[in-house]
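Each residue of the sequence shown is one higher than the one before, counting from 20 in our numbering.
Here a beta-carbon is modelled for each residue, glycine too, at the ideal position from N, C-alpha and C.
This one's a predicted model, so the numbers in the text were calculated from it and none came from an experiment.
Below: one structure, written as structure tokens.
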Amino acid sequence: MSSSFGTLFRVSTFGESHCKAVGVVIDGCPPGLTLSEKDIQPQMDRRRPGQSALTTDRQEADQVIILSGTEKGKTLGTPIALQVANKDHRPKDYSEMRDMPRPSHADFTYQMKYGIRAASGGGRASARETIGTVASGAVAEKILREKYNIKIVAWVKSIGKIECGPVNTGQLTRKEVDSSIVRCPDQSAAEEMARLVGQLKEEGDSIGGVVSCIIRNTPPGLGEPTYEKLEARLAQAMLAIPATKGFEIGSGFAGTMLRGSQHNDPFTVKNSHIGTLTNNSGGIQGGISNGEAITMNIAFKPPATISIPQETVDFDGKKAILAAKGRHDPCVVPRAVPIVEGMAALVVLDMAMRQEARRALRF
Ligand SMILES: Cc1cc2nc3c(=O)[nH]c(=O)nc-3n(C[C@H](O)[C@H](O)[C@H](O)COP(=O)(O)O)c2cc1C
């Protein structure tokens with residue numbers, strides 16, 4: 020099982036949903052960075068369960084602690100271990116799932132692969148695993164902000180068929196995104212989305228959605244063709260988030276309906292450097308950042324655990340009805356926003372460090 024990601028900025032996450040703690044070890048963080056829990060906690064708070072009436076009712080404070088790798092508030096260049104305790108778990112809520120795999124969750128595939136699994140709470144397939152991504156992503160983001168002024172903002176583009184209206188992506192802030200509990204910056208769409216998610220929560224059902232993300236101020240030259248093209252690494256990172264079903268860069272699937280004459284991004288001179296007039300490429304050409312904003316969309320399915328009774332079979336193949344108990348997210352996209360931002364930061368920082376190494380040794 021591969022729980023590590025990155026080459027020079029390498030993170031390894033650990034922990035199951037109901038074990039004592041979850042977290043991450045970061046290897047390769049540059050020394051001398053000012054770092055405390057205060058730099059990490061805001062993103063943990065945006066990810067945590069129980070933050071609004073529309074998320075799971077599981078209540079976790081998700082307080083992050085730095086176990087190693089810093090002294091007097093500065094990074095030492097040694098591995099940084101970040102940990103969050105698991106507190107509000109109720110293994111009883113999962114008792115029937117010991118014998119019955121949840122349709123479209125990971126119970127069946129984990130059991131088939133390992134012959135054993137953490138039956139309580141989804142184990143490693145639980146979204147608690149993403150705590151490590153968000154915590155290490157916040158560290159990566161701090162470095163990207165301080166060294167390159169890179170800014171990453173994600174938001175909810177759609178829930179079900181309700182779409183966010185046009186967004187000024189050049190200026191969008193996290194504060195604007197967080198002005199609604201569904202994290203959609205279009206207030207009227209946000210209200211409709213919140214109504215729908217609230218209604219489905221009451222009904223014991225769930226719904227999917229799309230998260231958009233923009234990375235601003237990326238320098239040109241990031242990405243490692245051919246197998247580690249920037250969009251390939253971003254796609255891998257995003258599709259490693261639980262419940263993801265699709266990834267688009269730039270114009271994505273809609274671009275297939277255009278002609279080259281409509282889709283090409285003409286070059287121009289912008290503030291004394293070469294840039295493009297449009298950005299259908301999504302800031303990446305040939306697997307390398309071109310200096311424009313990187314834009315992507317990530318599709319999330321409706322979460323699998325629903326309390327509406329479903330016909331299924333147990334692990335012995337016997338017909339059964341599963342109506343899940345417990346506290347589950349009716350829609351994951353509002354909580355997925357900081358996870359997408361964290362993944363984006365991990366990819367971009369790792370690529371930036373690799374490009375710095377190449378540049379330092381250029382003849
Ligand atoms: C923030 C977040 C919260 C989630 N909450 C739930 C949940 O409450 N119930 C559930 O069944 N799945 C939830 N999921 C999705 C499952 O973790 C995921 O569907 C499962 O691991 C199976 O993996 P797959 O959907 O990628 O195939 C959540 C995902 C994310 C990103």
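Rounded Cβ spacing between residue i and residue j (contact assumed at less than 8 angstroms)
| i | j | result |
| --- | --- | --- |
| Ile-226 | Pro-321 | 5 angstroms |
| Thr-295 | Asn-309 | 7 angstroms |
| Leu-101 | Val-43 | 5 angstroms |
| Pro-98 | Asp-46 | 5 angstroms |
| Val-83 | Ala-159 | In fact, because the Cβ distance is near 14 angstroms, the residues do not count as touching under 8 angstroms. |
| Ile-327 | Gly-223 | 5 angstroms |
| Asn-299 | Gly-274 | 6 angstroms |
| Lys-289 | Arg-235 | Not really, about 14 angstroms apart at Cβ, beyond 8 angstroms. |
| His-37 | His-108 | 4 angstroms |
Closer than 8 angstroms: residue i CB and nearest ligand 1 heavy atom
| i | result |
| --- | --- |
| Lys-320 | yes |
| His-124 | yes |
| Asp-205 | no |
| Ala-159 | no |
| Ile-200 | no |
| Ser-145 | yes |
| Val-351 | yes |
| Asp-224 | no |
| Arg-373 | no |
| Ile-358 | yes |
| Glu-282 | A small correction: the amino acid at residue 282 is His; Glu does not occupy that position in the sequence shown. Answer for His-282: no, Cβ out of range of ligand 1. |
| Ala-323 | yes |
| His-347 | yes |
| Thr-263 | yes |
| Arg-354 | yes |
| Ile-151 | The question names Ile, yet the displayed sequence has Gly at residue 151. Not so, every heavy atom of ligand 1 lies at least 8 angstroms from the Cβ. |
| Gly-141 | yes |
| Thr-331 | no |
| Arg-136 | no |
| Thr-53 | no |
7 angstroms CB neighbourhood of residue i in its chain, flanking five on each side removed
| i | result |
| --- | --- |
| Tyr-129 | Arg-136, Gly-142 and Ala-144 |
| Ser-177 | Cys-183, Gly-228 and Val-229 |
| Gly-51 | Lys-93 and Thr-94 |
| Ala-251 | Gly-306 |
| Gly-242 | Lys-248, Leu-249, Ile-303, Gly-306, Ile-307, Ser-308 and Met-370 |
| Ala-262 | Phe-319, Lys-320, Pro-322 and Val-351 |
Through-space distance from residue j to residue i, alpha-carbon basis
| i | j | result |
| --- | --- | --- |
| Glu-211 | Ile-181 | 7 angstroms |
| Lys-338 | Ala-146 | 28 angstroms |
| Gly-96 | Asn-168 | 22 angstroms |
| Ile-91 | Pro-239 | For clarity, residue 91 is Lys in the given sequence; the question names Ile instead. Lys-91 and Pro-239: Cα-Cα distance of roughly 35 angstroms. |
| Thr-32 | Ser-22 | 6 angstroms |
| Gln-304 | Cys-350 | 33 angstroms |
| Met-131 | Arg-354 | 29 angstroms |
| Gln-78 | Ile-150 | 15 angstroms |
| Gly-302 | Gly-269 | 7 angstroms |
| Ala-209 | Glu-195 | 12 angstroms |
| Pro-122 | Leu-27 | 38 angstroms |
| Leu-191 | Ile-260 | 24 angstroms |
| Trp-174 | Cys-203 | 6 angstroms |
| Pro-357 | Arg-377 | 30 angstroms |
| Ser-280 | Ile-293 | 20 angstroms |
| Met-257 | Val-367 | 13 angstroms |
| Thr-237 | Gln-60 | 25 angstroms |
| Asp-205 | Leu-54 | 34 angstroms |
| Phe-319 | Glu-35 | 21 angstroms |
| Lys-106 | Lys-39 | 8 angstroms |
| Asn-187 | Arg-278 | 25 angstroms |
| Pro-120 | Asp-333 | 6 angstroms |
| Asn-316 | Leu-341 | 33 angstroms |
| Leu-163 | Asp-335 | 51 angstroms |
| Glu-115 | Ser-139 | 10 angstroms |
| Tyr-246 | Gln-374 | 16 angstroms |
| Phe-127 | Ser-71 | 31 angstroms |
| Cys-48 | Thr-152 | 15 angstroms |
| Ser-198 | Leu-215 | 18 angstroms |
is_contact[residue i, chain D] using C-beta, thresh 9 angstroms
| i | result |
| --- | --- |
| Pro-68 | No chain D is present in this structure, which holds just one protein chain. |
6 angstroms CB neighbourhood of residue i in its chain, flanking five on each side removed
| i | result |
| --- | --- |
| Asp-81 | Met-63, Arg-67 and Val-103 |
| Gly-156 | Gly-361, Ala-364 and Leu-365 |
| Arg-346 | Thr-75, Asp-76 and Arg-77 |
| Ala-312 | Ile-233, Arg-235 and Gly-302 |
| Thr-89 | Leu-54 |
| Ala-254 | Phe-266 |
| Phe-24 | Val-30 |
Beta-carbon contacts of residue i that lie in its chain and below 8 angstroms, excluding the five residues immediately before and after
| i | result |
| --- | --- |
| Gln-329 | Pro-122, Ile-340, Leu-341 and Ala-342 |
| Leu-219 | Ser-225, Ile-226, Pro-349 and Cys-350 |
Quiz prompt | In chain order, each beta strand (DSSP E) run of at least 3 residues that lies wholly inside the region 142–206 | solution = Along the length of the region 142–206, whole beta strand (DSSP E) runs at least 3 residues long occupy 170–178, reported in chain order.
Exercise. Please specify which runs of the alpha helix (DSSP H), each continuous and at least 4 residues long, are wholly inside the region 232–264, giving them in chain order.
Key: The region 232–264 contains these whole alpha helix (DSSP H) runs: 249–258.
Quiz item: What beta strand (DSSP E) runs, 3 residues minimum, are completely inside the region 32–68?
Solution: If you keep only unbroken beta strand (DSSP E) runs of at least 3 residues inside the region 32–68, you get 40–46.
Quiz item: Along the chain, which unbroken stretches of the beta strand (DSSP E) at least 3 residues long are found entirely within the region 92–117?
Solution: Counting only runs of 3 or more, we get 99–104.
Exercise. Would you mind listing the beta strand (DSSP E) stretches within the region 275–309 that are 3+ residues and don't spill past its ends, in chain order?
Key: Complete beta strand (DSSP E) runs here, min 3: 286–289 and 292–295.
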